[in-house]
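First up is the structure itself, then whatever we jot down about it.
Residue numbers (this note's numbering): -10 to 253.
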């Protein structure tokens, strides 16, 4: 009995030893190319131009703010015959020093340089669409009644609509439609629940057309722009350059009261 027991023990030890051999740390370098990352947008009511400039880090490296921050980028915005320098203001934020008056229809060209990277982008604030009318429609679901407000708009420029409406309840704004044909079109604000006060204010954000591709890829085609939307993996930005990714968009804003446009 003793001999078979010793043989069995040796076999077990041999197997354990083999497992130990497999438990080795693999020191492998994954392919990685550093990218410059730009994030910025500006509205018609902006008084400064600002953006965030960061860099990517290797995929297995633990991310921290210090690792991605860039404090010495050269950031400029060109428009008309002017050149605006954006100054580092802390973390990775760059802001124009002078108070500006942002204009519709003017091209704002961004240029960011940092350690061999050159990032460029341009964006224009489109003119707001005209609101022809607003129609209130009751909707009944599961025994509950709420309302949709149908906006009939006429736009002379292509762009992407975003909505926000003040009301009794908190909800998240929709990014719902692109105007493809420069004609009148309708938008349903279908996330407004039990919204009965026609004196409430609506806010329209009209984004540069370039925003559409970013939004569609950011939310994988989902028309719901809420914070619970799923994120996309192949996001399209409009910032150009070698090993560069980013977004730089302008948008217009128009606010009004529903009762001023509501169909009788």
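Note that beta-carbon positions come from the ideal geometry of N, C-alpha and C, so glycine has one too.
For residue 54, there is no enclosing beta strand (DSSP E); the enclosing alpha helix (DSSP H) covers residues 54 to 57. Membership of residue 200 in the alpha helix (DSSP H) is indicated by the continuous run 200 to 207. In terms of Cα proximity to residue 125, the closest of 43, 143, 138 and 191 is 138. Closest by C-alpha distance to residue 21, out of 41, 49, 37 and 40, is 49. Secondary structure remark: continuous beta strand (DSSP E) runs of at least 3 residues inside the region 90 to 117, in chain order: 96 to 103 and 106 to 113. Judged by DSSP in its simplified three-state form, residue 68 adopts strand. The residues 38, 39, 40, 64, 65, 66, 83, 84 and 85, in chain order, have a CB closer than 8 Å to that of residue 75 in the same chain once the five nearest residues on each side in sequence are set aside. According to DSSP, residue 43 shares a beta bridge with 26 and 58. Residue state for residue 247 is assigned as helix, using DSSP reduced to three classes.
The three-state reading of DSSP puts residue 38 in coil, since its state is none of H, G, I, E or B. DSSP places residue 81 in the coil class of the three-state scheme, outside both helix and strand. DSSP, read as helix, strand or coil, puts residue 88 in coil. Note on geometry: alpha-carbon atoms of residue 122 and residue 87 lie some 39 Å from one another. DSSP links residue 119 through a beta bridge to 143. The shortest C-alpha to C-alpha distance from residue 42 to any of 61, 73 and 244 is the one to 61. Taking C-beta atoms as the reference points, residue 114 and residue 33 count as a pair closer than 8 Å. Between residue 24 and residue 110, the C-beta spacing is not below 8 Å.
Contact between residue 28 and residue 236 is confirmed by a C-beta separation of about 6 Å, below the 8 Å threshold. It is roughly 6 Å from the alpha-carbon of residue 98 to the alpha-carbon of residue 68. Counting along the chain, residue 190 sits inside the beta strand (DSSP E) bounded by residues 190 to 196.
In the same chain as residue 240, and ignoring 5 residues on each side of it, the C-beta atoms closer than 7 Å to its own belong to 30, 32, 114, 194, 195, 196 and 197, in chain order. A straight-line Cα-Cα distance of about 29 Å links residue 117 and residue 108.
Non-local C-beta neighbours of residue 95 in its own chain, meaning closer than 6 Å and more than five positions away in sequence, comprise 68, ordered along the chain. An exposed status is given to residue 134, since fewer than 16 other beta-carbon atoms sit within 10 Å of its beta-carbon. Residue 76 sits in a strand when the DSSP states are folded into three classes.
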